[in-house]
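Enquirer: Structure in structure tokens, see below.
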Amino acid sequence: MRQLLDAVVSISSALDVDVVLHTIVDTARQLGRARYAALGVLDETGAFVQLIASGFGDGDVRDKGKLPHGAGLLGELIRHPEPLRVDNLAAHPRASGFPEGHPRMSTLLGVPIRVRDTVYGNLYLADKEGDEAFTDEDQEYLVALASAAGVAIENARLVQRLRQATEDFQRRLLPDLASLPGLAFQARYQPSTEAPRVGGDWYDVICLPDKVPCVMVGDVMGHGIEAATVMSRISNMIRVIAYAEGQPPSRVLHRLDALLHHLHDAPMATALVARIEPADSGEGRFLHWCSAGHLPPLLITPDNRARYLTAEAGPPLGVSPELTRPDHRHPLPCGATVLLHTDGLIEERGHSYDDGMRQVADTAARCATAPLEGLCDALLAQRQGTFHDDVALLAVRVAH
């Protein structure tokens, strides 16, 4: 009984559907002392759409092209979703043999997994250790585990739907990128892979009344719907201030800070505002920016070099409306790319910000002449699917 309770706790702890399914299969195999275990996920017609296996090797996951057809004893459990125990597979009248490369099995124990009174799939064990037959006790344990598995699967599916809804909410708050002559833009938003999967990172691009593009990126402290809501408020405020006042970036941030100070529970946030101004020579552009505690811009040049434009950053928003922040300018040659991003791109446990910034710069340098889509994708791919914080990044390229 203690093993069963431990197993239930194990499968109930995960909130990702795929993790839950793999945990169920591995736990069932250990609990039943079986050489092989599998969980077949069914669609509404009773056909297999996924098969997770344990004990078979080669990753234990079957792709869709190799899914069983539900014939033989597997089909018997699909047609009649009740516990099925077979002591001699070869002698069973419904047995249909094994496909090429499949290990030969002699005993089988299968039970349905129900989610809200609907059969979600079937859980199978085969070949108990020591060549023993599966017992009534094994069946009772597997039925109990399948019952708990149904609840765990439903919870994970609910969490998955909630995560998707919050991600959709976050993405709807982010703007479409402007189309401006002589410049190309590309942006990405990557939610955290840890709950909650919504945060306060944003980017924006607008064309000011003087025809100068203004780009922005920022990060509200905190996570969850509250941070995303504050982010939406700040990004809209800064957009209006930048457009209406036509002031340098430092003035835009100062004005925003003063307005935020009058809000109840004024938020803390970092932000960078930059104007992409025409160069006096007519060739290339100038980056004119101001930072409120935000990471510096990354300049990527066509000669495969990348470096952060380190300059004095003023205090974050929400510290004090009396503090000032300096403006900075730097030339942008034709073909150069400027990358603005939030700290989620460089955060990695066990590594410093400097390490993360070096890694981003190295990746950007290798992709200096790649299409902007490829550059952004490569920067996210370097994290290998792990994001401890959400990420907003905005790339701007000056045309040749």
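Under my numbering, think of the first position of the sequence shown as 89, with each following residue one higher. Glycine included, C-beta positions come from ideal geometry on N, C-alpha and C. None of the values given here were measured: they were computed from a predicted structure.
#1: Does the Cβ-Cβ distance between Arg117 and Gly143 come in under 7 angstroms?
#2: According to the Cβ coordinates, are Leu375 and Val426 closer than 7 angstroms?
#3: Counting only the same chain and skipping the five closest in sequence on each side, list residues whose C-beta sits under 6 angstroms from that of Cys302.
#4: Please report how far the alpha carbon of Met325 lies from the alpha carbon of Tyr396, in whole angstroms.
#5: Just the Cα atoms here: how many angstroms apart are Ala183 and Gln472?
#6: For Val149, I'd like the list of residues in its chain whose CB is within less than 8 angstroms of its CB, leaving aside the five on either flank, ordered along the chain.
#7: Return the CA-CA distance between Pro171 and Val231, expressed in angstroms with no decimal places.
#8: Per DSSP, what kind of secondary structure is Arg363 in: helix, strand or coil?
#9: Give the DSSP bridge partners of His416, in chain order.
#10: At what residues does the beta strand (DSSP E) containing Val108 begin and finish?
#11: Between the region 385-395 and the region 334-350, can you find at least three pairs of beta-carbon atoms closer than 8 angstroms?
#12: Under a three-way DSSP split, which group does Ala183 fall into?
#13: Under a Cβ-count criterion, where at least 16 other Cβ atoms within 10 Å of its own Cβ denotes burial, should Leu481 be classed as buried or exposed?
#14: From Glu164, Leu197 and His168, pick the residue whose C-alpha is nearest to that of Asn176; which is it?
#15: Could you give the C-beta distance for Gly372 and Leu420, rounded to a whole number, given that I count them as a contact under 8 angstroms?
#16: Hey, how far is the Cα of Gln274 from the Cα of Val308?
#17: Taking a contact to mean a Cβ-Cβ separation below 7 angstroms, would you say Glu436 touches Asp477 in this structure?
#18: Roughly how far, in whole angstroms, is the beta-carbon of Val448 from the beta-carbon of Leu360, given that I think they are within contact range, below 8 angstroms?
#19: Please return the same chain residues whose Cβ sits closer than 7 angstroms to the Cβ of Thr195, not counting the five positions on each side in sequence.
#20: Using a threshold of 7 angstroms, state whether the C-beta atoms of Ala234 and Val199 are closer than that.
#21: Assign His276 to buried or exposed, taking buried as 16 or more other Cβ atoms, counted over all protein chains shown, within 10 Å of its Cβ.
#22: Indicate the three-state DSSP secondary structure (helix, strand or coil) for Gln470 in the structure shown.
#23: Can you give me the C-alpha to C-alpha distance between Glu242 and Val300, rounded to a whole angstrom?
#24: Under 7 angstroms between the Cβ atoms of Gly432 and Phe475?
#25: With a floor of 3 residues, list each beta strand (DSSP E) that falls wholly inside the region 417-487, ordered by position along the chain.
#26: Assign Ala237 to one of two classes, buried (16 or more other C-beta atoms within 10 Å of its C-beta) or exposed (fewer than that).
#27: So, Pro404 versus Met356, is the Cβ gap smaller than 7 angstroms?
#28: From Gln227 to Gly462, what does the alpha carbon distance come to, in whole angstroms?
#29: Between Asp205, Gln278 and Gln470, which lies nearest to Arg251 when the distance is taken from Cα to Cα?
#30: Rounded to the nearest angstrom, how far is the Cβ of Pro409 from that of Asp345, given a contact under 8 angstroms?
#31: Between Trp290 and Ser280, what straight-line distance do the alpha-carbon atoms span, to the nearest angstrom?
#32: With DSSP collapsed to three states, give me the class of Ala135.
#33: For Ser142, name the three-state secondary structure that DSSP assigns.
#34: Pull up the CB-CB distance for Leu468 and Arg485, whole angstroms please, since I reckon it's below 8 angstroms.
#35: Using DSSP with H/G/I as helix, E/B as strand and the rest coil, what is Leu177?
Expert: The short version:
#1: Here residue 117 corresponds to residue number 29 of the sequence shown, with the count starting at 1. Here residue 143 corresponds to residue number 55 of the sequence shown, with the count starting at 1. Their beta carbons are under 7 angstroms apart, which means Arg117 touches Gly143 by this criterion.
#2: Indexing the sequence shown from 1 puts residue 375 at position 287. Indexing the sequence shown from 1 puts residue 426 at position 338. Yes, these two residues count as a Cβ contact at 7 angstroms.
#3: For the purposes of this step, residue 302 is identified with residue 214 of the sequence shown, where counting begins at 1. Ile294, Leu296, Ala330 and Arg363.
#4: Here residue 325 refers to the residue found at position 237 of the sequence shown. Here residue 396 refers to the residue found at position 308 of the sequence shown. Taking the straight line from one Cα to the other gives about 27 angstroms.
#5: For this step, residue 183 is matched to residue 95 along the sequence shown. For this step, residue 472 is matched to residue 384 along the sequence shown. Taking the straight line from one Cα to the other gives about 44 angstroms.
#6: Residue 149 sits at position 61 when you count from the first residue of the sequence shown. For Val149, the predicted model reports a pLDDT of 47, less than 50, meaning its position is unreliable; a value from the coordinates is still stated below. So the list reads Leu139, Ile140 and Ala141, once near-sequence residues are dropped.
#7: Position 83 of the sequence shown, counted from the first residue, corresponds to residue 171. Position 143 of the sequence shown, counted from the first residue, corresponds to residue 231. One C-alpha to the other measures close to 8 angstroms.
#8: As a working mapping, residue 363 is identified with position 275 in the sequence shown. In the structure shown, Arg363 sits in a strand (DSSP, three-state: E or B).
#9: Within the sequence shown, numbered from 1, the residue matching residue 416 stands at position 328. Partner(s): Trp377.
#10: What you label residue 108 is simply residue 20 of the sequence shown in a count that begins at 1. Careful: Val108 lies outside any beta strand (DSSP E), inside the alpha helix (DSSP H) at Val105 to Leu119.
#11: no
#12: The residue labelled residue 183 in the question sits at position 95 within the sequence shown. DSSP places Ala183 in coil when its eight states are reduced to three.
#13: For the purposes of this step, residue 481 is taken as residue 393 along the sequence shown, with counting starting at 1. It counts as buried.
#14: On the sequence shown, residue 176 is found 88 positions in, with the first residue counted as 1. Here the closest residue by C-alpha is Leu197.
#15: Working through the sequence shown from its first residue, we reach residue 372 at position 284. Working through the sequence shown from its first residue, we reach residue 420 at position 332. Between Leu420 and Gly372 the Cβ distance is about 5 angstroms, and since that is below 8 angstroms, they are a contact.
#16: Counted from its first residue, the sequence shown places residue 274 at position 186. Counted from its first residue, the sequence shown places residue 308 at position 220. Using only the alpha carbons, I get a separation of about 22 angstroms.
#17: Numbered from its first residue, the sequence shown carries residue 436 at position 348. Numbered from its first residue, the sequence shown carries residue 477 at position 389. Result no, Cβ atoms of Glu436 and Asp477 do not sit closer than 7 angstroms.
#18: Position 360 of the sequence shown, counted from the first residue, corresponds to residue 448. Position 272 of the sequence shown, counted from the first residue, corresponds to residue 360. So it is not a contact: roughly 15 angstroms between Cβ atoms.
#19: Your numbering for residue 195 matches position 107 in the sequence shown. Once the five neighbours on either side are set aside, the close Cβ partners of Thr195 are Val174, Asp175, Leu177, Ala214, Asp215, Lys216, Ala221 and Phe222.
#20: Residue mapping note: residue 234 aligns to position 146 of the sequence shown, counting from 1. Residue mapping note: residue 199 aligns to position 111 of the sequence shown, counting from 1. Contact: yes.
#21: Within the sequence shown, numbered from 1, the residue matching residue 276 stands at position 188. One detail in the question is off: residue 276 reads as Arg in this sequence, not His. Flag for Arg276 reads buried.
#22: On the sequence shown, position 382 is the one that residue 470 refers to. Coil, per DSSP.
#23: Within the sequence shown, residue 242 is the residue found at index 154, counting from 1. Within the sequence shown, residue 300 is the residue found at index 212, counting from 1. Roughly 51 angstroms separates the two Cα atoms.
#24: The residue you call residue 432 lines up with position 344 of the sequence shown. The residue you call residue 475 lines up with position 387 of the sequence shown. Going by C-beta atoms, Gly432 is nearer than 7 angstroms to Phe475.
#25: 425-429 and 479-486
#26: Locating residue 237 in the sequence shown gives position 149, counting from the first residue. Buried, since its Cβ has 16 or more Cβ neighbours within 10 Å.
#27: Here residue 404 refers to the residue found at position 316 of the sequence shown. Here residue 356 refers to the residue found at position 268 of the sequence shown. Yes.
#28: Sequence index remark: in the sequence shown, residue 227 carries index 139 (1-based). Sequence index remark: in the sequence shown, residue 462 carries index 374 (1-based). Their backbone Cα atoms lie some 52 angstroms apart in a straight line.
#29: Residue mapping note: residue 251 aligns to position 163 of the sequence shown, counting from 1. Of Asp205, Gln278 and Gln470, the residue nearest in Cα terms is Gln278.
#30: Position 321 of the sequence shown, counted from the start, is the residue given in the question as residue 409. Position 257 of the sequence shown, counted from the start, is the residue given in the question as residue 345. Contact holds; Cβ gap of about 5 angstroms.
#31: Numbered from its first residue, the sequence shown carries residue 290 at position 202. Numbered from its first residue, the sequence shown carries residue 280 at position 192. Rounded to whole angstroms, Trp290 to Ser280 spans 14 angstroms at the Cα level.
#32: As a first step, residue 135 must be located in the sequence shown, where it is residue number 47. Here Ala135 sits in coil by DSSP.
#33: In the sequence shown, residue 142 corresponds to position 54, counting from 1. Three-state result, Ser142: strand.
#34: In the sequence shown, counting from the first residue as 1, residue 468 sits at position 380. In the sequence shown, counting from the first residue as 1, residue 485 sits at position 397. Not really, about 17 angstroms apart at Cβ, beyond 8 angstroms.
#35: Along the sequence shown, read from residue 1 onward, the residue named residue 177 stands at position 89. Here Leu177 sits in helix by DSSP.
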